[in-house]
Structure formats: C-alpha cells, structure tokens
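Asker: Mind looking over this structure? Questions follow.
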Amino acid sequence: MQLIDRHEGRLYNYCLRMTGNADDAMDVLQDVLLSVYRNLATFRGDGSFGGWMFRIASFRCADHLRRRMRRGQEEDVEIADGCAPTQQLDANREIQQMLQSISDEQRQVIELKFFQNFTFEEISGQLGISTNTAKSRVYRALASMRKSSEASVTGEGQ
Amino acid sequence: MKTEYSCEQCGDRLIEFACEELSVLERQLVDRHLARCTGCQSQLTELWELQRSASEWSDQRVPGWPRRELFFEPSPWPLRIQWVLSSGSFAMLVLVVLILAWQEPLDDQLQSITTRLGDLESSSEEYLAGAVAQLRQDQVSTNQLLARSLMAQSRQERREDMAELVRLMDGLQVQRQQDTENNLQYLISTQIEDRRDIEALARTVWYPQGGKQ
Ligand SMILES: [Zn+2]
Chain A
1 MQLIDRHEGR LYNYCLRMTG NADDAMDVLQ DVLLSVYRNL ATFRGDGSFG GWMFRIASFR
61 CADHLRRRMR RGQEEDVEIA DGCAPTQQLD ANREIQQMLQ SISDEQRQVI ELKFFQNFTF
121 EEISGQLGIS TNTAKSRVYR ALASMRKSSE ASVTGEGQ
Chain B
1001 MKTEYSCEQC GDRLIEFACE ELSVLERQLV DRHLARCTGC QSQLTELWEL QRSASEWSDQ
1061 RVPGWPRREL FFEPSPWPLR IQWVLSSGSF AMLVLVVLIL AWQEPLDDQL QSITTRLGDL
1121 ESSSEEYLAG AVAQLRQDQV STNQLLARSL MAQSRQERRE DMAELVRLMD GLQVQRQQDT
1181 ENNLQYLIST QIEDRRDIEA LARTVWYPQG GKQ
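Protein sequence lines, in the order shown, are assigned to chains A and B. At position 34 of the first sequence (counting the first as 1) the number is 34 in our numbering, and the numbers step up by one without a gap. To convert a position in the second sequence, counted from 1, into our numbering, add 1000.
Pasting the structure below:
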C-alpha cells in the first residue's frame, strides 16, 4: 500500500509526539488509519490528502487523549526500540517531555505548525478554530514551556 | 513607508515571521518593530528555540504491526472458492442435522438443535442481506470517489493518491467480504455450540445404550 507507506511513518511520529509514548502512539496510529479507510469516501479531493488525513488524525488523537485523561493514566515518556542511535533518541525524549508539559490543545497546534509545517489557514480548517485562536495557543504553549523549564532548573538547583 | 507595527500587530505575524511565511513588506515591518522592542525579540527567540527543537526530532521507524493481515492481504483462497467452501460447510451441517433428524427417536436435544438451526438460517439470511447492501453501498462510494477524482484538478500526486484510494477501496471490499464470511462462520459455530451437540446427538441416536453409560 503505497499511500499507507508514504504516510504511516509521518503519522506514527506525529502520534509519538502527541501521546508521549510508543504504546499509545501505536494505538492511535491504528485508530487513525482505520478512520482514514472508513472515511475515504468523504475525501472530497479538493484539498491535499495529507491535510485531510491530519484532520482525522487530530480528531482521533484528541479523542484518545481525552479518554486517557478520564482514566487518569500517568503519562510515561518512554521510547521503545526504533533504530535511531541513542543520541537522537535522547533528543526525541527531550522533545516529548517538552510537549507533555503543555496542554493537549496547545500541543496539537505546536505539532501542526512546527512539526508538520501547515499554515495557520490549514490548521484553522483542521481543528475548526480561528487562526487567532491557533496563534494564541502557540503563545500560551511558549509561556507554559518557559514556566516548566524554569521550574525544572530551580528544581535541579535545590 | 512610515508605517510602524504595534506589539499586537507584530505578535499577530511573529510566528509566520519565524516560519518565513510573510510577504516582503510585512517582513520589513516586523523587522522594524523588532529593532526597537525587546519584548517581541525575546518572543521571537523562543519561537526560534522551538523551531530548533522541532528540527532535532529524528523520525522513528514504525514498529511492525499486522496491518496487511488485518486490513488488506487477500486470503490464499480466491473469493469465489471461499464462498463455495463456507456455503459448502454450511450445507454439510444442515445435511448432518437433517440425517440425524430423520432417525428415531426424536429426543429433546434434537428438537432444540433443529430449532436453533432455524434461528441460524433466518439470522444468517438477515445478516447476508445486510452485508450485500453494505457491499453495494461501498461500490457506490467507490464510483463517487472516482467521479470526484476525475473532476478534481489533475496534480500528479493527487492522481497517484486517487489510484491508490481506489485500490484501497477494493481492498476494503475484499476485507468486508471476508468479514462477512468469518461472521457467518462465527454464527454457525456459536449457535451450534462447538458441534459438540452434534456429536452428543450422534451418540444418543446411533448408540443410545452407549450414550447413557
Ligand atoms: Zn513589541
């Protein structure tokens, strides 16, 4: 399946960053791919397939995170196997930790803007929010990342 | 050009500025504001920091999962033969029960099995009707998809995607037929309860004394 091969890796890494751990990422990936198949007939072909797919992914991912929150599950940032050298995995782990320090809504916008490089117009369409809301989520995310990194610095100093 | 951005106007464009998505004019205006505003400067530094982090992500390989087996891989039997096989086994089952039913004596056990078989037949019919309707609907969706893709502009990638989508829909259809068959088989096996009933029945019918030992 060329189409899947082309997008699966991108989606999986998206899920890794959004959920913060490999098990959840795998769950969401399968969930998203299933949704994509089920909804293929609703793809109007008037936008990019990637954008359409990420709209579904955003929705499924938010759903998953909501359910996880309800379960009150602790978020483990851990990286299973993968073939990248340890140094690169460290970078990934740091990014995942950073992303776990912000809210799900903020993380979604950060992901779509800085990792998937969608424009704010596209993000607005995918998440059903205004471009201004999307932008203010980025700023709020920056603020909470700043706060949590300051907290960890003072924490280490003690 | 004498226009100057306020902090708010600058903030509205700062992320796009960092991502290099602004027009030349807007970029110049943001630049001009940045030159005299440390607040917006530090905001920009944070955005660049975030960009740098994002660029350090190294893509991880997707762990193996049985997606092909789960969704696409056609079974080793051609579909037609599968249907013959499954309806064959179903017919066989009916035959066995009918033969057994022919024998005397007709005890309660036999009665209950034939009743259940009746249930099975009607529920299978219902199920089959539903499955056929679903398949037909899928076909309609595929056709609509095709029509839409023909009407859409013909960018190379979209054409590839569309060809792939159509193949996907075909795969889905194969999968659904397989599901139908599996579900039918499940219906048969659960309602007859592991064909142990039949063996027990055979024992009572053919070896009444032996069965009671
Ligand atoms: Zn300013």
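We put the CB at the ideal spot given by N, CA and C, even for glycine.
(1) Can you determine whether any heavy atom of ligand 1 sits closer than 7 Å to the C-beta of residue 7 of chain A, and answer yes or no?
(2) Out of curiosity, what's the CA-to-CA distance linking residue 33 of chain A and residue 135 of chain A?
(3) Drop a sphere of 10 angstroms on the beta-carbon of residue 92 of chain A, count the other beta-carbons inside from all chains shown, and report buried for 16 or more, exposed for fewer.
(4) Please find out if some non-hydrogen atom of ligand 1 comes closer than 7 Å to the beta-carbon of residue 1019 of chain B.
(5) Could you say if the region 136-152 of chain A and the region 90-107 of chain A meet the contact criterion of at least three C-beta pairs nearer than 8 Å?
(6) Is there a C-beta anywhere in chain A that falls below 8 Å from the one on residue 1046 of chain B?
(7) Have a look at residue 1047 of chain B and residue 1126 of chain B and give me their C-alpha separation to the nearest angstrom.
(8) Would you say the beta carbon of residue 61 of chain A comes nearer than 7 Å to a heavy atom of ligand 1?
(9) Just verifying my parser: in three-state terms, what is the DSSP assignment at residue 92 of chain A?
(10) Apart from the five residues on each side of it in sequence, which residues of its chain come closer than 6 Å, Cβ to Cβ, to residue 1172 of chain B?
(11) Check whether the region 1016-1035 of chain B and the region 1043-1057 of chain B touch, using three or more Cβ-Cβ pairs below 8 Å as the test.
(12) When you measure from the CB of residue 15 of chain A to every non-hydrogen atom of ligand 3, does any distance come out below 7 Å?
(13) Can you give me the C-alpha to C-alpha distance between residue 131 of chain A and residue 112 of chain A, rounded to a whole angstrom?
(14) Should residue 138 of chain A be flagged as near chain B, meaning a C-beta pair shorter than 8 Å?
(15) Let's see if you can read the secondary structure: which residues bound the alpha helix (DSSP H) around residue 50 of chain A?
(16) Measuring only between beta-carbons, confirm whether residue 12 of chain A sits less than 8 Å from chain B.
(17) Got a sec: is the Cβ-Cβ distance from residue 154 of chain A to anything in chain B below 8 Å?
(18) Given a threshold of 16 other Cβ atoms within 10 Å of its Cβ, counted over all protein chains shown, does residue 154 of chain A qualify as buried or as exposed?
(19) Beta carbon of residue 116 of chain A, beta carbon of residue 54 of chain A: below 8 Å?
(20) Just to confirm, are residue 58 of chain A and residue 126 of chain A a CB contact at a threshold of 8 Å?
(21) So, using beta-carbon positions, are residue 13 of chain A and residue 1059 of chain B closer together than 8 Å?
(22) Grouping DSSP H, G and I as helix and E and B as strand, with all else coil, what is residue 143 of chain A?
(23) Name the chain A residues whose beta carbon is nearer than 9 Å to that of residue 1021 of chain B?
(24) Let's see if you can read the secondary structure: which residues bound the alpha helix (DSSP H) around residue 1045 of chain B?
(25) Does the Cβ of residue 64 of chain A lie closer than 7 Å to at least one heavy atom of ligand 1?
(26) Kindly list, in the order they appear in chain A, the residues whose Cβ is closer than 7 Å to that of residue 1029 of chain B.
(27) Using a C-beta to C-beta distance shorter than 8 Å, which residues of chain E count as neighbours of residue 95 of chain A?
(28) Compare the C-beta of residue 190 of chain A with all C-beta atoms of chain B and state if any pair is closer than 8 Å.
(29) Roughly how far, in whole angstroms, is the beta-carbon of residue 28 of chain A from the beta-carbon of residue 60 of chain A, given that I think they are within contact range, below 8 Å?
(30) Any beta carbon from chain A within less than 8 Å of residue 1062 of chain B's own beta carbon?
(31) Pull out every residue of the region 15-27 of chain A whose Cβ sits closer than 8 Å to any Cβ of chain B, in chain order.
(32) In chain order, what residues of the same chain have a beta carbon less than 8 Å from the beta carbon of residue 1039 of chain B, not counting five sequence neighbours either side?
(33) Among the residues of its own chain, which have a CB less than 8 Å from the CB of residue 145 of chain A, if the five just before and after it don't count?
(34) Tell me whether residue 242 of chain A sits in a helix, a strand or coil according to DSSP, three-state version.
(35) Quick one: which chain A residues come within Cβ less than 8 Å of residue 1050 of chain B?
Answerer: According to the data block:
(1) As a first step, residue 7 of chain A is located in the first sequence; it is residue number 7 there, counting from the start. No, the beta carbon of residue 7 of chain A sits no closer than 7 Å to any heavy atom of ligand 1.
(2) Position 33 of the first sequence holds residue 33 of chain A. Position 135 of the first sequence holds residue 135 of chain A. Their Cα atoms are separated by approximately 28 Å.
(3) To locate residue 92 of chain A, count along the first sequence from 1; it is residue 92. Looking at its Cβ environment, which holds 16 or more other Cβ atoms inside 10 Å, residue 92 of chain A is buried.
(4) On the second sequence, residue 1019 of chain B is found 19 positions in, with the first residue counted as 1. Every heavy atom of ligand 1 is 7 Å or more from the Cβ of residue 1019 of chain B, so no.
(5) Counting Cβ pairs under 8 Å, three or more are found: they touch.
(6) Looking up residue 1046 of chain B in the second sequence gives position 46. Judged by the 8 Å Cβ criterion, residue 1046 of chain B is in contact with chain A.
(7) Translated into positions along the second sequence, residue 1047 of chain B becomes position 47. Translated into positions along the second sequence, residue 1126 of chain B becomes position 126. Their Cα atoms are separated by approximately 59 Å.
(8) Counting from 1 along the first sequence, the entry for residue 61 of chain A is found at position 61. For residue 61 of chain A, the distance from the CB to the nearest heavy atom of ligand 1 is not below 7 Å.
(9) Walking along the first sequence from the start, residue 92 of chain A turns up at place 92. When DSSP states are grouped into helix, strand and coil, residue 92 of chain A belongs to the helix group.
(10) The sequence position of residue 1172 of chain B within the second sequence is 172, counting from 1. Apart from the 5 residues on each side of it in sequence, residue 1172 of chain B has no Cβ closer than 6 Å to any other Cβ in its chain.
(11) Three or more pairs of CB atoms, one per stretch, sit closer than 8 Å, so the region 1016-1035 of chain B contacts the region 1043-1057 of chain B.
(12) Of the ligands this structure carries, namely ligand 1, none is ligand 3.
(13) The residue labelled residue 131 of chain A in the question sits at position 131 within the first sequence. The residue labelled residue 112 of chain A in the question sits at position 112 within the first sequence. Near 13 Å, if we compare the C-alpha coordinates of residue 112 of chain A and residue 131 of chain A.
(14) Here residue 138 of chain A refers to the residue found at position 138 of the first sequence. Under the 8 Å criterion on CB atoms, residue 138 of chain A is classed as interfacial with respect to chain B.
(15) Within the first sequence, numbered from 1, the residue matching residue 50 of chain A stands at position 50. Taken as a continuous stretch (DSSP letters only), the alpha helix (DSSP H) holding residue 50 of chain A covers 49-71.
(16) Reading the first sequence from its first residue, position 12 is the one you call residue 12 of chain A. Taking Cβ atoms only, chain B reaches closer than 8 Å to residue 12 of chain A, which makes this a yes.
(17) The sequence position of residue 154 of chain A within the first sequence is 154, counting from 1. Any Cβ of chain B closer than 8 Å to the Cβ of residue 154 of chain A would place that residue at the interface, and such an atom is absent.
(18) Walking along the first sequence from the start, residue 154 of chain A turns up at place 154. Under this definition residue 154 of chain A is an exposed residue.
(19) Here the question's residue 116 of chain A lines up with position 116 in the first sequence. Here the question's residue 54 of chain A lines up with position 54 in the first sequence. Annotated as proximal: residue 116 of chain A and residue 54 of chain A, with beta-carbon spacing under 8 Å.
(20) Residue numbering aside, residue 58 of chain A sits at position 58 when the first sequence is read from its first letter. Residue numbering aside, residue 126 of chain A sits at position 126 when the first sequence is read from its first letter. Yes.
(21) On the first sequence, position 13 is the one that residue 13 of chain A refers to. On the second sequence, position 59 is the one that residue 1059 of chain B refers to. It is a contact, given that the beta carbons lie within the stated cut-off.
(22) Your numbering for residue 143 of chain A matches position 143 in the first sequence. In the structure shown, residue 143 of chain A sits in a helix (DSSP, three-state: H, G or I).
(23) Locating residue 1021 of chain B in the second sequence gives position 21, counting from the first residue. Simply 119, 120.
(24) Taking the first residue of the second sequence as 1, we reach residue 1045 of chain B at position 45. 1038-1055 is the span of the alpha helix (DSSP H), which, as asked, contains residue 1045 of chain B.
(25) On the first sequence, residue 64 of chain A is found 64 positions in, with the first residue counted as 1. No, the beta carbon of residue 64 of chain A sits no closer than 7 Å to any heavy atom of ligand 1.
(26) In the second sequence, counting from the first residue as 1, residue 1029 of chain B sits at position 29. Scanning chain A for C-beta atoms nearer than 7 Å to the C-beta of residue 1029 of chain B yields nothing, as the closest lies near 17 Å away.
(27) Absent here is chain E; the protein component of the structure consists of chains A and B.
(28) This structure cannot speak to residue 190 of chain A, because chain A is shown only from 1 to 158.
(29) Counted from its first residue, the first sequence places residue 28 of chain A at position 28. Counted from its first residue, the first sequence places residue 60 of chain A at position 60. About 6 Å separates the two Cβ atoms, so the contact holds.
(30) Indexing the second sequence from 1 puts residue 1062 of chain B at position 62. Yes, its Cβ sits closer than 8 Å to a Cβ of chain A.
(31) For chain B, the residues of the region 15-27 of chain A that bring a beta carbon within less than 8 Å of one of its beta carbons are 16, 17, 22, 26, in chain order.
(32) Here residue 1039 of chain B is taken as the residue at index 39 of the second sequence, counted from 1. Taken in chain order, the residues that qualify are 1007.
(33) Position 145 of the first sequence, counting from 1, holds the residue named residue 145 of chain A. Sequence-distant partners of residue 145 of chain A (beyond 5 residues in either direction) whose C-beta falls short of 8 Å from its own C-beta, in its chain, are 98, 101, 102.
(34) Here chain A comprises residues numbered 1 to 158, so residue 242 of chain A is not present and cannot be evaluated.
(35) Counting from 1 along the second sequence, the entry for residue 1050 of chain B is found at position 50. Those are 110, 114, 142, 145, listed as they occur along chain A.
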